[in-house]
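Worksheet for the structure shown next.
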Amino acid sequence: MDYFPPSKKKFRYSNHKDRLEGIKLLESFHDVSEHLSINAPVFNQSKKWKERLSLFKKNFSYVRQYVSEDIIKEWIRWGEWALEGFDKNQSLWNKEKKVIIHGDCAHHNFLRRADGTLTLIDFDLMANAPRCIDYLQYANRISHHLEDAATELWEVPQLQRYQSDPAFLYALTYPTDIFREWNRLNKSSSQLHSVWKLSVEGFSERMAMNEKLAKRISSLNRN
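Taking the UniProt record's numbering as reference, the numbering of the sequence shown is continuous, increasing by one, and the terminal residue is 223.
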């Protein structure tokens with residue numbers, strides 16, 4: 001296995017230039033991987049999210065020790081609403097050609113080499129799926145660093161085509177990070193404060209984003 005000496009300047013989603021470079025790298029990876037024949041599992045987004053929501057509900061009493069019941073129920077409501085809308089519209093994604101997706105677009109999987117080039121690492125979760133699955137993950141990751149994510153996401157060239165895609169819009173409102181982190185915390189509480197901040201201090205901002213996305217979906221349904 002090759003070793004790439006890392007740059008002192010790390011890749012960060014908080015950096016605008018890095019965000020654009022990262023998704024461009026993903027796009028290039030997809031362009032190559034769609035021509036490869038790799039025995040990779042087929043990714044099922046709906047199944048994964050239903051399991052994540054179900055586990056979060058089971059952890060309700062644990063989460064309630066730290067977060068008000070009203071906020072927890074609101075996160076669950078958005079999760080259920082997003083899943084219902086996603087399931088009704090995800091057939092549209094079948095029109096997009098399958099590629100090998102990376103499957104884990106966390107910032108630490110984008111390595112800045114010492115020579116300044118950016119590379120993807122850690123392909124443990126790669127799967128056969130439409131490229132929009134990676135783009136959705138990427139959008140979820142960068143949205144926390146945008147002042148008005150419901151508007152600014154569509155300024156990213158690779159995401160522009162999805163601003164009128166109901167399945168993608170519904171998926172953006174699904175609180176995947178909230179459910180994932182609390183489900184993980186129930187096993188280890190080392191990151192409790194940061195997850196609490198994400199769930200409570202970030203609540204109003206997230207609700208504002210979701211409401212804007214819901215209005216966009218509603219306008220699409222009227223057309």
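C-beta atoms are modelled at their ideal positions from N, C-alpha and C, and glycine is treated no differently.
It should be emphasised that the depicted structure is a prediction, and the values quoted were computed from it without experimental measurement.
Contacts around residue i, its chain only, beta-carbon distance under 6 Å, and the 5 residues preceding and following it disregarded
i: ARG131; result: HIS30, VAL99
i: GLU181; result: VAL195
i: SER143; result: ALA149
i: SER199; result: VAL67, ILE178
i: ASN89; result: PRO166, ALA167
i: GLN160; result: TRP154
Identified DSSP bridge partners for residue i
i: THR119; result: LEU111
i: VAL42; result: ASN128
C-beta contact flag for residue i and residue j at 8 Å
i: PHE168; j: GLY103; result: no
i: ARG206; j: HIS107; result: no
i: LEU20; j: VAL156; result: yes
i: TYR174; j: ALA82; result: yes
i: TYR62; j: ASN221; result: no
i: ASN210; j: THR176; result: no
i: ALA171; j: PHE86; result: yes
Residue span of the beta strand (DSSP E) that contains residue i, given as start and end
i: VAL99; result: 98–101
i: ASN128; result: 127–130
Segment limits, alpha helix (DSSP H) that includes residue i
i: PRO5; result: Element bounds for PRO5: n/a, residue is neither H nor E.
i: HIS30; result: 16–33
i: PRO166; result: 166–173
i: LYS70; result: Just to set this straight, residue 70 is Asp in the shown sequence, not Lys. 69–89 is the extent of the alpha helix (DSSP H) around ASP70.
i: ASN221; result: 203–222
i: LEU185; result: 176–185
i: TRP196; result: 192–196
i: ALA149; result: 149–152
i: VAL200; result: VAL200 -> no alpha helix (DSSP H), and no H or E assigned at all.
i: VAL63; result: 60–63
Proximity test, residue i beta-carbon vs the ligand MN heavy atom, cut-off 7 Å
i: ILE76; result: Of the ligands one can find in the structure shown there are none, so the ligand MN has no counterpart to examine.
Residues near residue i in its chain [Cβ-Cβ closer than 7 Å; skip 5 each side]
i: GLN137; result: CYS105
i: ASN183; result: ARG52, LEU55, PHE56, ASN59
i: ASP70; result: none
Other residues of its chain near residue i: CB distance less than 8 Å, five sequence neighbours each side excluded
i: ARG113; result: PHE4, PRO5, PRO6, SER7, THR119
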